[in-house]
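Sequence positions in the sequence shown follow numbering that gives the first Met the number 0 and run 0 to 563. Cβ atoms here follow ideal geometry from the backbone N, Cα and C, with glycine treated the same way. Here the structure is laid out as structure tokens; the discussion comes afterwards.
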Amino acid sequence: MEQTGAQILLECLFRENVDAIFGFPGGAVIDIYHHLPSYPALRHYLVRHEQGAIHAADGYARATGRVGVCLVTSGPGATNTVTGIATAYMDSIPVVILTGQVPTPLIGNDAFQEVDIVGISRPCVKHNYLVKDVRDLAWIIKQAFYLARTGRPGPVLVDLPKDILQAKTVPNYPESITMRSYNPHLEPNRRQLRKVAGLLQDCKRPLFYSGGGVISAGASEELTWLSRNLGIPVTSTLMGLGAFPGDDPLWLGMLGMHGTYAANMAVGHTDLLLAVGARFDDRVTGKVSSFAPAAKVVHIDVDPTSIRKNVNVDVPIVADCRLALKGLRDEIMACAEETDWPAKYRPWLEQVQTWQRDHPLQYVFSEEPIKPQFVVEKIYALTKGEAIITTEVGQNQMWAAQFSRFHRPRTFLTSGGLGTMGYGFPAAIGAQVAFPDKLVIDIAGDGSIQMNIQEMATAVSYNIPVKIVILNNGYLGMVRQWQELFYNKNYCATCMHANPDFVKLAEAYGATGFRVTRAGDVEDILKQAFAAPGPVIVDVIVAQEENVYPMVPAGAALTDMLLV
């Protein structure tokens, strides 16, 4: 039976088990919306800005491990998603973006709401398509989902001209897909794994450095087993938080520019760095020539282009992180069954634990003004680490990473590579849609929350009960911190004059609002907020000039930290 392109598209989404679409309609995609009610399993969430749609799809994907879906119209609808596409691309998040396009005869004629979104998005997608024949549509959608979720995950964009959505054909829905030009290498090289096992025998100070690839590959269990059974401490990138239990004695916390003292010192003194699913970002390495200077480096990653891109590697392993760690476990058990690994590395672990004990994360408590670190600690204590935490970007993001402990993967959602302000709230909506019975909290700043605050209407209209905790210091805090430390306190354009009353703003949208000005009230107000039905804003007035420490200045080695 013949179907229109719009019907074929929706049937493809149904067959991919899509259960949430975040979108905003327009003329180029009106045919899709015309047929959408015929597919009740495809729940559509009308956002208030297309950037909110892509971030919500991203949050859904990070929380579930499934492909998120975003649907927008042509022209400005498509261009409004670009920041979110780049966010997903930098952090390797599987999202399929469906954009409307003018009819194919009008492409290139500067038609109303025409834009070359394929060309615009090319640098920040894993792949993209312009559909030119309705007979190809089902295959393209199948390929898009396959590409988005396999290998190194990433966003895939499909541009849909209006005449293609209206054209009819008898569809051929593929059950599976293979692409001759795309075959990610997943199985690890056993010879390379044996080299790693040999290095573990020879070294004295090994360290696991894990990244978001551990979470993407579902390799947390394998990483935890190796760390615990060998007695090797673990540090992580911002994107890797949750891959290893945050309450484990072997956990050192995050490394990098705002990493813990113990993690950064461990990197500086390790003699075997086992990097798994990480890409040696500049915020992690600091001065590259001083990064892990005494270490042999093992790098496991499914993306071969990430290996040796930023640092020299002694043992490269291109493979799926879970399969590689599982293979490493087998090699270790086969070649060294009698080794007492924890005893072998005990002096190293004692040194690391001394660093932890002597230089913990700390701050000076005050009743008023409230310290932002105290608020994050209270959130963690009240939720016992069971909530899904999203963040905006800036000081709020770093305090959330430092003073929360994440026990499981996919419970900390944040924009790492691109550092996108305005990400956390719509991402929280996406995570809450995926897990309606879980507590989802966006830890925000007063600057970044305003970048996508319009999505409060989305949360209210669908009764999506996300909780926003604003660490309100009246500044663009991270930029202000740099101005204080390196620019003679010239606070140019960082003071947030004329902030709204966030409590009244919440109420104007039909949500619930609270304000906290004293530390003694934080716990009680948070309890009320977390128990309240529907979306909530908690406006916490915090110390204006509190800084994030430790801090590694730009161009310095990780061991050259500012501690106060």
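- [ ] Spatial neighbours of residue 371 within its chain, please: CB distance less than 8 Å, with the 5 preceding and 5 following residues excluded, ordered by chain position.
- [x] 394, 395, 398, 470, 472, 539, 541, 542, 545
TODO: Measure the alpha-carbon distance for residue 271 versus residue 204 and round it to whole angstroms.
DONE: 6 Å
TODO: Work out the CA separation of residue 537 and residue 13 for me, nearest whole Å.
DONE: 38 Å
Open item on the list: If you follow the beta strand (DSSP E) that residue 75 is in, where does it begin and where does it stop?
Closed with: Run containing residue 75: none in the beta strand (DSSP E); it sits in the alpha helix (DSSP H), 75 to 78.
- [ ] Answer with buried or exposed for residue 130, where buried requires no fewer than 16 other C-beta atoms within 10 angstroms of its C-beta.
- [x] buried
Open item on the list: For residue 508, count the other beta carbons within 10 Å of its own beta carbon; 16 or more makes it buried, fewer makes it exposed. Which is it?
Closed with: buried
Task: For residue 121, three-class secondary structure by DSSP - done: helix
Open item on the list: Taking the alpha-carbon of residue 18 as reference, which of 7, 24, 41 has the nearest alpha-carbon?
Closed with: 41
Open item on the list: Could you check whether the segment 445 to 453 touches the segment 415 to 435, counting it as contact only if at least three pairs of C-beta atoms, one from each stretch, sit closer than 8 Å?
Closed with: yes
TODO: Decide if residue 288 is buried, meaning its Cβ has at least 16 other Cβ atoms within 10 Å, or exposed.
DONE: exposed
- [ ] Return helix, strand or coil for residue 287, following the three-state DSSP convention.
- [x] helix
Open item on the list: Does the contact criterion of 3 or more C-beta pairs under 8 Å hold for the segment 264 to 282 versus the segment 290 to 304?
Closed with: yes
TODO: Let me know the secondary structure DSSP gives residue 558 once reduced to three states.
DONE: coil
Open item on the list: Quick check on the DSSP output: the alpha helix (DSSP H) that includes residue 259 runs from which residue to which?
Closed with: Careful: residue 259 lies outside any alpha helix (DSSP H) and carries neither H nor E.
Task: Pairwise C-alpha distance: residue 374 and residue 474 - done: 17 Å
Task: DSSP three-state assignment for residue 501, whether helix, strand or coil - done: helix
Task: Start and end residues, alpha helix (DSSP H) containing residue 59 - done: 49 to 63
TODO: Determine the direct distance from the alpha carbon of residue 365 to that of residue 359, and round the result to whole angstroms.
DONE: 18 Å
Open item on the list: Which complete beta strand (DSSP E) runs does the segment 296 to 333 hold, if anything under 3 residues is left out?
Closed with: 314 to 317
Open item on the list: Quick test of your reading: residue 404 and residue 384, contact by CB under 8 Å. State the CB separation rounded to the nearest angstrom.
Closed with: 5 Å
Task: Segments assigned alpha helix (DSSP H), at least 4 residues, entirely inside the segment 515 to 543 - done: 518 to 530
TODO: Would you mind listing the beta strand (DSSP E) stretches within the segment 443 to 508 that are 3+ residues and don't spill past its ends, in chain order?
DONE: 466 to 471
Task: Spatial distance of residue 524 from residue 126 (CA atoms) - done: 46 Å
- [ ] Say whether the segment 92 to 104 touches the segment 155 to 169, bearing in mind that this needs 3 or more beta-carbon pairs closer than 8 Å, one atom from each stretch.
- [x] yes
- [ ] Taking the CB atoms as reference points, tell me whether residue 285 and residue 551 lie closer together than 8 Å.
- [x] yes
Open item on the list: Strictly by DSSP, which residues pair up with residue 370?
Closed with: Partner(s): none; residue 370 has no beta bridge.
Task: Minimum C-alpha distance to residue 60 - residue among 144, 291, 231, 254 - done: 144
Task: Minimum C-alpha distance to residue 174 - residue among 499, 356, 16 - done: 16
Task: Where residue 35 falls, given that 16 or more other Cβ within 10 Å makes a residue buried - done: buried
Open item on the list: Which complete alpha helix (DSSP H) runs does the segment 18 to 48 hold, if anything under 4 residues is left out?
Closed with: 29 to 34
Task: Residue interval of the beta strand (DSSP E) (run including residue 253) - done: 250 to 253
Task: Alpha-carbon to alpha-carbon, residue 226 and residue 326 - done: 14 Å
- [ ] Assign residue 172 to one of two classes, buried (16 or more other C-beta atoms within 10 Å of its C-beta) or exposed (fewer than that).
- [x] exposed
Open item on the list: Suppose the cutoff is 7 Å on Cβ atoms and the five residues either side in sequence are ignored; what does the same chain contact list for residue 57 look like?
Closed with: 67, 83, 86, 87, 92, 94, 426, 429
TODO: With a floor of 3 residues, list each beta strand (DSSP E) that falls wholly inside the segment 164 to 240, ordered by position along the chain.
DONE: 205 to 209, 233 to 235
Open item on the list: Using beta carbons (cut-off 8 Å, strictly below), is residue 517 in contact with chain D?
Closed with: No chain D is part of this structure, which consists of one protein chain only.
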